[in-house]
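Participant: Okay, handing you the structure first.
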Amino acid sequence: MEPAAAPIRPADGVARSDYWENVHDGKPEDGVSWWQSVPELSLGLVDETGLGRERSVIDVGAGWSTLVDHLVERGYTDLTAIDLSLTALNTVRDRVGEVPGQLVLDVADVLDFRPPRQFALWHDRAVFHFLTEEDERDDYRLSLEHCLEPGGFVVVATFGPDGPLTCSGLPIVRYTHAELAAEFPGYRLVSTSGEDHVTPWGTRQQFTAILLQRQG
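The sequence shown runs contiguously to residue 216 in full-length UniProt numbering.
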């Protein structure tokens with residue numbers, strides 16, 4: 001038997017956008033493996049920052065995650081979510097509806113994201129483990145540095161060392177807590193966490209998560 005062909009990775013921003021639009025288009029929200037009705041791991045780490053509800057939060061690679069919904073319910077008033085899929089963001093907009101304060105949902109590629117403002121908290125449960133090349137991770141860190149306030153917090157979650165090798169047909173990089181923290185020099189490791197996420201079809205995926213704080 002011939003070995004299975006390696007997954008083909010989108011080569012540029014347009015290809016990445018098309019790829020993730022196809023992943024989301026025509027599926028129910030719980031038709032993707034990462035779906036969670038309550039993102040307890042993320043919410044716990046957000047709580048650990050101790051940030052006030054008026055502080056700015058960005059969720060990168062948000063897809064149709066319910067994190068924004070729950071932050072709105074908790075009284076956060078300055079929220080931004082970006083993703084490569086307009087379909088996913090429109091689903092979030094329809095689901096959340098009108099909210100007090102500011103909710104910005106933008107189609108954007110985190111690898112070249114340069115908004116005209118900074119944020120107190122950067123959250124990512126969906127992007128970093130897809131960055132299999134060092135130059136992609138360099139671009140991600142440049143976007144993070146541009147976007148995050150001095151002293152701001154970073155929540156990053158990836159597949160853990162016993163997690164899957166691919167997701168949505170693409171290769172990923174699995175991390176231990178120490179390996180993941182080492183990807184962010186200049187950031188203080190505040191705490192570590194993780195979970196065995198149960199997918200909508202009952203399988204388990206190990207996630208590694210860390211909370212970092214920018215120095216200076």
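Glycine is no exception: its CB is placed at the ideal position from the N, C-alpha and C atoms.
For glutamate 195, count the other beta carbons within 10 Å of its own beta carbon; 16 or more makes it buried, fewer makes it exposed. Which is it?
Facilitator: Glutamate 195 should be labelled buried.
Participant: By Cβ distance below 7 angstroms, which residues in the same chain neighbour residue 240 in space, the five residues on each side in sequence not counted?
Facilitator: With the chain covering 1 to 216 only, the question about residue 240 has no answer from this structure.
Participant: Quick one, which of Arg188, Ile210, Arg204 and Asp135 has its alpha-carbon nearest glycine 216's?
Facilitator: Ranking the options by Cα distance to glycine 216, first place goes to Arg188.
Participant: Using CA coordinates, which residue listed in Asp83, Pro150, Glu98 and Thr132 is at the minimum distance from phenylalanine 113?
Facilitator: When each option's Cα is compared against that of phenylalanine 113, the closest is Asp83.
Participant: What are the residues that DSSP puts in a beta bridge with threonine 192?
Facilitator: Answer is Ile210, bridged to threonine 192.
Participant: Could you give the distance in angstroms between the alpha-carbon of valine 57 and the alpha-carbon of glycine 202?
Facilitator: Rounded to the nearest angstrom, the two C-alpha atoms are 31 angstroms apart.
Participant: Using C-beta distances below 6 angstroms, list every residue in its chain close to valine 155, excluding the 5 sequence neighbours before and after it, in chain order.
Facilitator: Answer for valine 155: Leu45, His123 and Leu211, listed in chain order.
Participant: For the putative contact between glutamate 136 and leucine 111, defined by C-beta atoms under 8 angstroms, what is the C-beta separation to the nearest angstrom?
Facilitator: Between leucine 111 and glutamate 136 the Cβ distance is about 6 angstroms, and since that is below 8 angstroms, they are a contact.
Participant: If we define contact as Cβ-Cβ less than 8 angstroms, is proline 161 a contact residue for chain B?
Facilitator: The question asks about chain B, but that chain is absent: this structure has only one protein chain.
Participant: Can you give me the C-alpha to C-alpha distance between aspartate 106 and threonine 176, rounded to a whole angstrom?
Facilitator: One C-alpha to the other measures close to 31 angstroms.
Participant: Do you know whose CA, among Ser37, Ile172, Ala182 and Gly75, lies nearest alanine 126's CA?
Facilitator: That would be Ile172, whose Cα lies nearest to the Cα of alanine 126.
Participant: Identify every run of the beta strand (DSSP E) within the segment 37 to 114, keeping only runs that are complete inside it and at least 3 residues long; order them along the chain.
Facilitator: Here the runs fully enclosed are 57 to 60, 78 to 83 and 102 to 107.
Participant: In the DSSP assignment, what are the bridge partners of phenylalanine 184?
Facilitator: In DSSP, phenylalanine 184 forms no bridge with anything.
Participant: Please go through the segment 117 to 162 and give each complete beta strand (DSSP E) segment of 3 or more residues, from N-terminal end onward.
Facilitator: Runs of the beta strand (DSSP E) inside the segment 117 to 162: 119 to 124 and 148 to 159.
Participant: Between the alpha carbons of glycine 186 and leucine 142, how many angstroms are there, rounded?
Facilitator: Each residue's Cα considered, the two are about 12 angstroms apart.
Participant: Strictly by DSSP, which residues pair up with leucine 170?
Facilitator: Beta-bridge pairing links leucine 170 to Cys167.
Participant: Within its chain, find whatever has a CB closer than 6 angstroms to the CB of phenylalanine 184; leave out the 5 residues flanking it on each side and keep chain order.
Facilitator: Excluding sequence neighbours, phenylalanine 184 sits near Leu212.
Participant: Starting from the C-beta of residue 218, find all residues in its chain whose C-beta is less than 7 angstroms away, skip the five residues before and the five after it, and write them out in chain order.
Facilitator: Shown here, the chain extends from 1 to 216; a query on residue 218 therefore has no answer.
Participant: Taking the alpha-carbon positions, what's the proline 100 to glycine 160 distance?
Facilitator: Whole-angstrom Cα-Cα distance: 36 angstroms.
Participant: Counting only the same chain and skipping the five closest in sequence on each side, list residues whose C-beta sits under 6 angstroms from that of arginine 93.
Facilitator: For arginine 93, where only same-chain residues beyond five positions count, the Cβ hits under 6 angstroms are Leu105.
Participant: Using a Cβ-Cβ cut-off of 7 angstroms (strictly less than) and excluding sequence neighbours within five positions of serine 37, which residues of its own chain qualify?
Facilitator: Once the five neighbours on either side are set aside, the close Cβ partners of serine 37 are Thr66.
Participant: Report yes if the C-beta distance between threonine 208 and leucine 165 is below 8 angstroms; otherwise report no.
Facilitator: No, they are not a contact pair.
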